[in-house]
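Per my numbering, the very first residue in the sequence shown carries number 169; after that it's consecutive.
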Amino acid sequence: MLFRIHAYPIDRDEATELGLNIERTTDTLEKAIHQLYEDYATTMKLGQPFHPDELLGGREFSDVSIPGAFVESTDLTYEFTFAGKVQKSIRNNQPALDLNLNTQVWIKKEEK
């Protein structure tokens, strides 16, 4: 299966240049949007290198659940979650980590 992502963010100025209808926000709304981003960044560990060994927490084997995206409304929250297993192994007499993600699913997290 081939996954495609949009990895080129378009800022307001560029969107305006492209002729898109852009609504300017108030300072209050801008701060609220930025706080939401900060909350998601903390939960998803955005900007931090991914180290599977940290998922083990000192164990040899662990089940893992990694949040990848959120869709929220005033009433509901859904989280796109990658889930699987991570374990230490030995390959060619060298320590290694195996990370096997076997589930990618939207999960209903809470009703508000």
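Each residue gets a CB set at the ideal place from its N, CA and C atoms; glycine is no exception.
Can you tell which of the options has the C-alpha that lies nearest to the C-alpha of residue i?
i	options	result
THR210	GLY252, THR193 and ILE234	ILE234
ILE258	GLU228, GLU198 and THR249	GLU228
PHE218	ARG192, TYR176 and LEU267	LEU267
LYS276	ASP243, TYR205 and GLU198	ASP243
Measure the alpha-carbon distance for residue i versus residue j and round it to whole angstroms.
i	j	result
TYR208	LEU214	8 Å
MET169	ASP195	Residue placement at MET169 is flagged as unreliable, the pLDDT there being 48, under the threshold of 50; a coordinate-derived value is accordingly withheld.
VAL273	GLN203	26 Å
PRO263	ILE178	42 Å
GLU222	TYR176	29 Å
THR271	SER241	24 Å
GLU185	GLY236	31 Å
GLU198	ARG180	13 Å
GLU206	MET212	10 Å
Note down, in chain order, each residue of its chain lying with its Cβ closer than 6 Å to the Cβ of residue i, except the 5 sequence neighbours on either side.
i	result
VAL239	TYR246
ALA251	SER233 and THR271
Could you spell out where the beta strand (DSSP E) holding residue i opens and where it closes?
i	result
TYR246	244-259
ILE231	Checking the sequence shown, residue 231 turns out to be Asp, not Ile. Counting along the chain, the beta strand (DSSP E) containing ASP231 begins and ends at 229-240.
For residue i versus residue j, is the C-beta spacing smaller than 8 Å?
i	j	result
PRO220	LEU265	yes
ALA183	ILE190	yes
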